[in-house]
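Numbering (full-length UniProt numbering), first residue to last: 1 to 616.
See structure below.
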Amino acid sequence: MYELESDKRCHLDHDIFKILAIVRMAGTLGSNYSKIVTHDRPRDIEQLKCCMEKALADQKMAILELGDRDKDWIKDARCNDQIVMIDCKALYDKQMKNLRTKHIFPDLSEQGDIEDKLSRLQNRLGKSPTLQIETFENWGQTQAMQVISSTPTTKDQLQKLVLATSEEGLRVRCAGSGHSWAPIFSDNNQLLIYVENIKSDYKDGSRIKISNRKKGEVDIMTGVTTGDFKKFQLKNKLNIAANVIIETVQMVSVVATACHGVGWDANTPSDNVVKMRIIGSDGKLRTYTSDDKEMLRAISANFGCFGVIFDMTMKLIPEVIVKVENRYMNLNDLFYNAENIQKVFEGNWSVEVLWFPYNSLSLLDYNPKNDDVLLRVINKETKKVETANQTYYDWKEVKDYLSAEALLVVSPILTGNPSLTPLHAWSSFGTLKKIIYPSGTRYQELPHAVHFRQFTEKAPVNDMEFAFDLRGDFHRLLKIIQVVVNKVDHYEGKDEYPLNVVLEMRMMGHSDTLLCPGIIGNPAYGGSGHVLYIEIISIVDTKGWEKFSINVGKEWMALDGVPHLAKDWDFLPGIEDHIYKHMGQHINAFKKQLNKSGADPNGMFLNKSLQKLLRL
Numbered sequence: 001m002y003e004l005e006s007d008k009r010c011h012l013d014h015d016i017f018k019i020l021a022i023v024r025m026a027g028t029l030g031s032n033y034s035k036i037v038t039h040d041r042p043r044d045i046e047q048l049k050c051c052m053e054k055a056l057a058d059q060k061m062a063i064l065e066l067g068d069r070d071k072d073w074i075k076d077a078r079c080n081d082q083i084v085m086i087d088c089k090a091l092y093d094k095q096m097k098n099l100r101t102k103h104i105f106p107d108l109s110e111q112g113d114i115e116d117k118l119s120r121l122q123n124r125l126g127k128s129p130t131l132q133i134e135t136f137e138n139w140g141q142t143q144a145m146q147v148i149s150s151t152p153t154t155k156d157q158l159q160k161l162v163l164a165t166s167e168e169g170l171r172v173r174c175a176g177s178g179h180s181w182a183p184i185f186s187d188n189n190q191l192l193i194y195v196e197n198i199k200s201d202y203k204d205g206s207r208i209k210i211s212n213r214k215k216g217e218v219d220i221m222t223g224v225t226t227g228d229f230k231k232f233q234l235k236n237k238l239n240i241a242a243n244v245i246i247e248t249v250q251m252v253s254v255v256a257t258a259c260h261g262v263g264w265d266a267n268t269p270s271d272n273v274v275k276m277r278i279i280g281s282d283g284k285l286r287t288y289t290s291d292d293k294e295m296l297r298a299i300s301a302n303f304g305c306f307g308v309i310f311d312m313t314m315k316l317i318p319e320v321i322v323k324v325e326n327r328y329m330n331l332n333d334l335f336y337n338a339e340n341i342q343k344v345f346e347g348n349w350s351v352e353v354l355w356f357p358y359n360s361l362s363l364l365d366y367n368p369k370n371d372d373v374l375l376r377v378i379n380k381e382t383k384k385v386e387t388a389n390q391t392y393y394d395w396k397e398v399k400d401y402l403s404a405e406a407l408l409v410v411s412p413i414l415t416g417n418p419s420l421t422p423l424h425a426w427s428s429f430g431t432l433k434k435i436i437y438p439s440g441t442r443y444q445e446l447p448h449a450v451h452f453r454q455f456t457e458k459a460p461v462n463d464m465e466f467a468f469d470l471r472g473d474f475h476r477l478l479k480i481i482q483v484v485v486n487k488v489d490h491y492e493g494k495d496e497y498p499l500n501v502v503l504e505m506r507m508m509g510h511s512d513t514l515l516c517p518g519i520i521g522n523p524a525y526g527g528s529g530h531v532l533y534i535e536i537i538s539i540v541d542t543k544g545w546e547k548f549s550i551n552v553g554k555e556w557m558a559l560d561g562v563p564h565l566a567k568d569w570d571f572l573p574g575i576e577d578h579i580y581k582h583m584g585q586h587i588n589a590f591k592k593q594l595n596k597s598g599a600d601p602n603g604m605f606l607n608k609s610l611q612k613l614l615r616l
């Protein structure tokens, strides 16, 4: 097997070899797997295009791989298609040599000033925690800034750091895994705190624990990832109804930025918070509880404005077993039929809709209405059923890794050669539909169903997402979706492909959290009780992404959508005024609680973007 390049160069996880070894020991190949009919190893873009066009003409499945991964791809593949394995290693190596190391650059004009700030702050702190100057870039590569950074490991260090920073007149922001796209990190020349290594002050030394089994309450430290939380839920048979898909972000960050999952009547993770401990600008640890409900509505998704979150307590529910179905529908039958889409959403507890454009590509003209749409349909199961076993999850882990690796491999190729986008979309969707997520039913514990896709962090993407109050109007829902479909069709006619990954759509219950866009569906403020979240996702550096996003964003704004505040939105013209128009009363309520708390009288936890958004 081809040995992977260093993590520094291509961000691939060498632990996959351990995963593959486990899977190979799990058993021999079944008889019902596809025959590999040919191998291609293109050396340039034209050869790659020819390989894929030939596969399309021959009606064969084309799978892109990095080196020889045949056996790992084909194992457990329940399809009868002939397959062309296209090894893109040589082409990928060539593209990486020509790839720009960075596409955004921080302002370094005040280099001397930041060095002076670091020196003064370190003198005030003493030997620990240590400080350094670094150029921070978020995962989605939309934000870059020169900052003073620190990685404290104890509560005492964290409190000392916050107090010293306050006394020096600097501003403070925190970073988890850097998976937000919006400008909610530190400003240039200010302090950025990494919180992943903070030790708990719990008696048993754990970082996540049950604090009240009867109430289903769980204490979660800053730094605990969604993957850690998933394992905890499975072990203790306690679940959160809805959460994000990715397993590598921090739970406190998910809550603080009002992220969401999917579920017709499910609320956001932020809505499940009953207590939070936060270090304010005076370095003191403050405790906020559900005894003050109005304060908790501000605290539960506070975007770091109240200080540095130390830990939180969430209320969970007893274990839920769910029936998970992968369904495929024709786009025209779903996105242009109000009755059908209403039945899908109202007839199921949880529905996630994913459209990968160009998947019906043929030798004839492309029409998006011929595409298929993937639906992940989840319903609670009350009968005793057999759930998926570990062998299934071992196989799935390999599939998820290989497909994430394939997207990473093709990313620099597509950004440099966007005309290949439809061919890549067609080939990757065939793999998705016939190998990774074939049609069928499986029973799972809810955390497994929620976190159904691993390794998404391997290939950075851009992501703009809006929330809409459903209003019980499914004809309006179609208009919201068709904004994207029509623009994809329009751009394709000009041989432009700014949407090259997916349109993703999820229905949720409303939120009661002040800075969550899901509050626009809250019945207490005239909402319908249900909120549609819809997002567009493309590979980082995709040509025309910002123009496409602005065009989509303008129409979504006209349809009364509000952006997810942790994702791409700050480049949209007039967006702050638009947000205030729809969420102004909630923003004002948030500011009232922030002032009432006394946690940050001088605004040291605000950056320029948040000051502008909150009108502070």
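All C-beta atoms, glycine included, are put in the ideal place defined by N, C-alpha and C.
Counting only beta-carbon atoms, is Thr-431 nearer than 9 Å to chain C? Of the protein chains in the structure, only one exists, and it is not chain C.
Between the Cα of Pro-573 and those of Val-552, His-179, Gly-584, Asn-588, spot the shortest distance and give me the residue it belongs to. Selected option, being the one with the closest Cα: Val-552.
By how many angstroms is the C-alpha of Tyr-443 removed from the C-alpha of Val-385? Answer to the nearest angstrom: the Cα atoms are 7 Å apart.
Select from Asp-81, Ile-63, Gln-190, Asp-58 the residue whose C-alpha is nearest the C-alpha of Asp-116. That would be Gln-190, whose Cα lies nearest to the Cα of Asp-116.
Cα separation between Val-274 and Met-251? Answer to the nearest angstrom: the Cα atoms are 14 Å apart.
Return yes when the Cβ of Leu-192 is within less than 9 Å of the Cβ of Ser-128, no when it is not. The answer is no: Cβ separation not under 9 Å.
Alpha carbon to alpha carbon, how far is Gly-561 from Ile-519? Distance from the CA atom of Gly-561 to the CA atom of Ile-519, rounded to whole angstroms, is 12 Å.
Nearest residue (CA-CA) to Ala-90, options Gly-440, Glu-217, Arg-43, Ala-175: The residue with the shortest Cα to Cα distance from Ala-90 is Arg-43.
Could you check the C-alpha separation between Met-276 and Phe-310 for me, to the nearest Å? It is roughly 8 Å from the alpha-carbon of Met-276 to the alpha-carbon of Phe-310.
Report buried or exposed for Pro-412, applying the criterion of at least 16 other Cβ atoms within 10 angstroms of its Cβ. Buried, by the Cβ-count rule.
Among residues of its own chain, excluding the 5 on either side of Arg-171, which ones have a beta-carbon nearer than 6 Å to its beta-carbon? Listed in chain order, the non-local C-beta contacts of Arg-171 below 6 Å within the same chain comprise Gln-190, Met-604, local neighbours out to five positions each way being set aside.
Simplified DSSP state of Arg-297, which is helix, strand or coil: Taken through DSSP and simplified to helix, strand or coil, Arg-297 comes out as helix.
When burial is assigned at 16 or more other CB atoms within 10 Å of the CB, is Leu-610 buried or exposed? Under this definition Leu-610 is a buried residue.
Among Asp-495, Asp-469, Lys-581, Ser-119, which has the Cα closest to the Cα of His-530? Nearest of Asp-495, Asp-469, Lys-581, Ser-119 to His-530, Cα basis: Asp-469.
DSSP state of Glu-381 mapped onto helix, strand, coil: Residue state, collapsed to three classes: coil.
Those runs of the alpha helix (DSSP H) which lie wholly inside the region 530-570 and span at least 4 residues: Within the region 530-570, the complete alpha helix (DSSP H) runs of at least 4 residues are 545-558.
Excluding five sequence neighbours on each side, which residues of the same chain lie with their C-beta closer than 6 Å to the C-beta of Leu-503? Closer than 6 Å at Cβ, skipping near neighbours: Trp-355, Val-484, Ile-536.
Have a look at Met-314, Asp-187, Ser-119 and flag the residue whose alpha-carbon is nearest the alpha-carbon of Ala-164. It is Ser-119.
Starting from the C-beta of Gln-95, find all residues in its chain whose C-beta is less than 6 Å away, skip the five residues before and the five after it, and write them out in chain order. Excluding residues within five positions, the ones whose Cβ falls inside 6 Å are Pro-412, Ile-413.
Rounding to the nearest angstrom, what Cα-Cα distance links Ile-539 and Arg-615 in this structure? Between Ile-539 and Arg-615, the C-alpha separation is close to 33 Å.
Hey, Ile-148 and Asn-607 are a contact pair by Cβ (cut 8 Å); roughly how many whole angstroms apart? Between Asn-607 and Ile-148 the Cβ distance is about 14 Å, and since that is not below 8 Å, they are no contact.
Is it true that the region 419-435 meets the region 394-409, where meeting means three or more beta-carbon pairs spaced less than 8 Å apart? The region 419-435, when compared against the region 394-409, does touch it at the 8 Å Cβ threshold.
DSSP state of Asn-98, grouped into three classes? It is coil, neither helix nor strand.
What residue from Lys-543, Leu-375, Glu-294 has the CA that sits closest to Ser-597's CA? A check of alpha carbon separations from Ser-597 across Lys-543, Leu-375, Glu-294 identifies Glu-294 as the nearest.
For Ile-575 and Ala-566, I'd like the C-alpha separation in whole angstroms. As the crow flies, the alpha-carbon of Ile-575 is around 14 Å from that of Ala-566.
Continuous beta strand (DSSP E) assignments of at least 3 residues falling wholly in the region 190-276: Counting only runs of 3 or more, we get 191-194, 208-212, 217-221.
Write down the C-beta distance between Phe-335 and Leu-423 rounded to the nearest angstrom, noting that I regard them as a contact closer than 8 Å. The Cβ separation is near 23 Å, so there is no contact.
Given Pro-447 as reference, the closest of Arg-286, Leu-238, Leu-121, Ala-256 once Cα atoms are compared: With distances taken between Cα atoms, Pro-447 lies closest to Leu-238.
When the Cα atoms are used, what is the spatial distance from Ser-281 to Met-312? So the alpha carbons of these two residues sit roughly 18 Å apart.
Which runs of the alpha helix (DSSP H) spanning at least 4 residues fall entirely within the region 111-171, listed in chain order? With a minimum length of 4 residues, the continuous alpha helix (DSSP H) runs that stay inside the region 111-171 are 111-125, 155-167.
Is there contact between the region 258-272 and the region 132-145, where contact requires at least three CB pairs shorter than 8 Å? Taking 8 Å as the limit for Cβ pairs, the verdict is that the region 132-145 does not touch the region 258-272.
Buried or exposed: which applies to Asn-588, given that a residue is buried once 16 or more other Cβ atoms fall within 10 Å of its Cβ? So Asn-588 counts as exposed.
On a Cα-Cα basis, can you pick out the residue from Gly-521, Phe-455, Met-464 that is closest to Arg-471? For the set Gly-521, Phe-455, Met-464, the Cα lying nearest the Cα of Arg-471 is the one of Gly-521.
Does Gln-146 pass the burial test, meaning 16 or more other C-beta atoms within 10 Å, or should it be called exposed? That one is buried.
Three-state secondary structure (DSSP) of Trp-426: Three-state result, Trp-426: helix.
Taking the straight line between their C-alpha atoms, what separation do you get for Ala-144 and Ser-186? Using only the alpha carbons, I get a separation of about 9 Å.
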